[in-house]
Structures are given as C-alpha cells and as structure tokens.
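One structure below.
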Amino acid sequence: MATGSRWRWIRRGALALTLSGAVLCGPMPGSLSSAHAEDPWFRPPGSVGQTPGRAAQQYRPPRQQQNRNRQTQQRQPPTRSWSPFQPLIDLFKPQAPRYAAPSRQRDTAPPRVVRSTPVIEAPTEPRGTVYDTAEAARKDSDGYSQIVLVIGDEYAAPLAQGLADAFVTDRESVAVVGKSEAGSGLGPQSTFDWNIAARQLAATSQANIVVVFAGMNDLRPIDGPTGKAELFDERWLDIYGRRIDEFLLRLKLYGRPVVLVGLPPVEDAAANERNMRLNALLKERVERAGLIYADVIDGFLDEDGKFMMSGPDVDGQRRRLRAADGVGFTRSGGRKLAFFIDKQIDHLLVDPADPAAAALSAVEARPSIVLLTGGISAGSRVLAGAPGEASPSLSQALPPSAAAEASSATSPAGEPEPARVLVSGAPLPTVTGRTDDFSWPAGAPTQPATPAGTPSTAGATTGTPAPTAP
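Numbering (mature numbering (1 follows the signal peptide of the UniProt record, and there is no 0)), first residue to last: -37 to -1, 1 to 433.
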C-alpha cells in the first residue's frame, strides 16, 4: 500500500513537471497556432527534417528578385535564430526603454567640398639696418646723404634700431650709426668716458645729428677725493651737473644739433621716482646749453599714468613694448621711442636735393615762430607794438596793401602808433562804425580829439571861445 501510493505521487510529480515545462516553453512545433505559425520567431528553419539533396532542389527566384531580397535584408535588422526556450531567455534580458530616442539616420547627401582659401600673410614690418660706421653705411648704399649718430648705454641700441626702422620708408637718404656701451653713463663713475668718445665719434662719422640716450647707470653715489657723495645730495648734484655741462659743451662745439633723451618710466616705483628726478636735472642743463631735450615718458604710461608693459604701438596695434625685466625695450618699443625723437629732428633733416627746402634754415622751417624784432621769415608773424620802425625787409616781405598800412601806422615824428597810444597816451584814431565812433549823423567825418586847454579851430572861426576843461 505504501509502495503504490509512493509511485502514484511520483507519477503526479512527473506530470506536473511536464505541464510546467510545456507552459514555460510554449506550444510544441506540431501544435503552433495559425498566428504563431506566421511568426518566423516560432517557425523552425525550412531545412529541418529534410535531406541535403532535397533542400538543394528548392525554388530559387530570378537574379533580380535575389538582388531585391538581398537589399531588403540589408535594410532590415537581422532576425534571431529560433529556439524553443527563447521566451524563457527573454525573461532575463534587459528591456529597452519604453520611449527610446529616435535613431539618427545617416545623411545620404554627398559630402560638401570645402575649398581651401589661400592664406594672406600680413606684410612684414620694415627692417632697417644700424651701421657701426659711416663708411659701412655709404658702402652699403650710395643714396645716404645724412647721418644720425645714436650713442649711449643699453637704451641706445633699441632706439637706434627704431630710428633705422622708421627711416626705411620715410627717409631713405638718412642712415643710422649706433654706438652703445652697456653699463656706461655720463657721470664720472662710468666705465666708458663719453666726454672724449662722443665728439670723436661725431667727427669721424660726419654726423648731421647726434642723439644721446644714457643716464640709467648714473643713479648711484659718486666717490670723490673728499669722500662719497650720496645720490641727489648737494655735492652729488654739483659734481654730476658740472660733468653734464662739460659733456654737452663738447658736443655743442662740434656744431651739429644735439638731442638728449630723458629716461623712460620703469616698473619699479622707487627706481621710477629716481628717473624722474634725474630727468629734471638733465632737462635743466640741456635747455641751459641751448640744445634739444626729448621727453618720452607719456608714450609708455597708460591713461591712469601707470607703467605700461604692453600698449599701442606707432600703428595703433597693441604690442609688447617693454622687456620682461620692466626696464628694457622690445623692437616695437624701440620703434615707439623713435617716434618721439623723429618729432624733434623732423625740421632738422632737410633733404639737400630739394633746393626749396635747402634754402630754408632751421628757423625758417618753422611757420609758428613770432619775431619780436629783426628780420622776417617765411610764414612768420610780427607782434604788434614791437619797438623800432618797420624794417625794410618787413616792407619788402609784406604785400603792397599791408606795407602801406604799416607805413601809415607811424606818426610824423617816426614813432609807431602803438607806442604813441601806450607810451604817450595819444588817442586811437576813430574808425567809422566802431563802438567809439560818436559822429552824428552816423558816418559823418569826425574831428580829431583836441587836448584840454588848446583852442579849437571851429571856435576860432566863429569868435566863440572854446570850452575849457574844468
């Protein structure tokens, strides 16, 4: 009895397992419904249960149909292989999101042809040449007729290069000769004596203009026979001032224009203050000697008056102007230095090939000069009230109408009219229509004013005594 019930439970368990497997695996191939039979997922391959020879005798569509089917298969995603356990496998596969992002289709348009445009390179900046001697400059080109000599310390080298770059296009007849000594100065402590070398260089190079750019190495105490003179104290100013006067006198005796360039601003605030104090001393001595002082401070400060490492160059482009140490100059900075120097020597560089320009002197080349006394120059103006009579050169230079007016402006005694009005107290002549014209009716001729106590001519004819002043 126990054995029979055991086998009965075994058969029931086997039947339950069979039913559960049938439910999980789905219907068998023989019992597929019509709906599932159409689905290739549950349809077994056509070659199942067939011999190789029979499978080879299946119907083959024409070649065109084969090509069309092949294209259709390439467009459609590949189908999965059939398996009776596929529903069970799909239970453990990750499902795709419900709202999947649409796949981006490949653009079938032909690729766009991008034609490479030629790159136009910016024109290179003019590069001038700084010569060591005037002989080397004239050997390089026969068109050089004038020489600009630039001497000094480390600052002189970028300035000479900047002037050479500026003269390449503007002044082809001007050559730049540069002589710089690093660590040198104008004071007595300098390792290189510019007092002797400056005039020798100017004479040997036959320089038309001498430009001096030095002084950065002079800002230190001076050792003298009576002791050390500290920077900017009374003894230092006296020793250094006499040294500058001697240097400028030697260059002035050479007989050519001399331009001394002031020190530029630097990044260090304390050093910048020392430079400004030295510039004040140099400017005073240069103007006392009757030479030219060039100030370059404004070109290297920003709108707030602070040190500027980079800024606009001569063309308005923002460039690096100063070196990394905040003291030296780049090539663009040297070109900007040359801009300030060129403004000072512009009227001095007269082309001798132009007879009209060569006829004008340095004074006549400036139309803004006002002459108080002396001769007249082209384009100048004569200040009214200048003492003395009109010179013959003035009457010859003025047009006929202006010359007649100038000759009529003098009194019979030869005294100019402004002098009679301002010194002698004579009244101004009445001008018709002016606010001091009291003639009546308007436009009638007026009689000259009569001094007090003098009998008038009108009173003498009528017999009526002239009114006397109270």
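Each residue gets a CB set at the ideal place from its N, CA and C atoms; glycine is no exception.
These numbers come from a predicted model, not from an experiment.
- The shortest CA-to-CA distance from Asp95 to any of Gly279, Asp201, Ala165 is the one to Ala165.
- In this structure, DSSP gives Arg285 an extended state, which the three-state scheme calls strand.
- In terms of CA proximity to Arg282, Ser273 leads the group Glu193, Gly91, Ser273.
- The way I'd put it, the segment 195 to 213 doesn't touch the segment 255 to 264; fewer than three beta-carbon pairs between them come closer than 8 Å.
- Taking a contact as a CB-CB distance under 8 Å, the pair Gln109 and Asn171 counts as one, their CB atoms being some 5 Å apart.
- Excluding sequence positions up to five before and after Glu144, its CB lies within less than 7 Å of the CB of Asp116, Phe155, all in the same chain and listed in chain order.
- In this structure, Ala119 and Val93 do not form a Cβ contact; the two beta carbons are roughly 10 Å apart against a cut-off of 8 Å.
- Per DSSP, reduced to three states, the secondary structure at Phe270 is strand.
- Within the DSSP secondary-structure output, Phe292 pairs in a beta bridge with Arg285.
- For Ser168, the uninterrupted alpha helix (DSSP H) segment begins and ends at 157 to 168.
- Residue environment analysis places Asp276 among the buried positions, since at least 16 neighbouring C-beta atoms fall within 10 angstroms of its C-beta.
- Assigned with DSSP and collapsed to three states, Gln280 falls in coil, not helix or strand.
- Under the three-state reduction of DSSP, Phe55 is assigned to coil, being neither helix nor strand.
- For the pair Gly289 and Glu230, the CB atoms are nearer than the 8 Å cut-off.
- Check the Cα spacing between Lys102 and each of Ala138, Gly91, Ala127: the tightest is with Ala138.
- Between the segment 299 to 314 and the segment 147 to 154 there are fewer than three C-beta pairs closer than 8 Å, too few to call the two in contact.
- Contact annotation: Phe292 and Pro121 have beta-carbon atoms nearer than 8 Å.
- One thing to note: Ala177 has its Cβ no nearer than 8 Å to the Cβ of Leu211.
- A distance below 8 Å separates the beta carbons of Ile207 and Leu245.
- Pairing Gly106 with Gly225, the inter-Cα distance amounts to about 32 Å.
- The three-state secondary structure of Ser143, taken from DSSP, is strand.
- Within 10 angstroms of the beta-carbon of Val140 lie 16 or more other beta-carbons, which makes it buried.
- Nearest Cα to Ser104 within the set Val113, Glu247, Gly91: Gly91.
- Cβ atoms of Val222 and Lys215 stay farther apart than 8 Å, at about 12 Å.
- Within the segment 96 to 148, the complete beta strand (DSSP E) segments of 3 residues or longer fall at 109 to 115, 137 to 143, listed in chain order.
- Secondary structure at Leu264: strand, using DSSP grouped into helix, strand and coil.
- The C-beta distance from Val173 to Leu112 rounds to 5 Å, short enough to fall under 8 Å.
- Only residues of its own chain outside the window of five on either side were considered, and among them Gly204, Ile207, Asp208, Leu211 have a CB closer than 7 Å to the CB of Arg248, listed in chain order.
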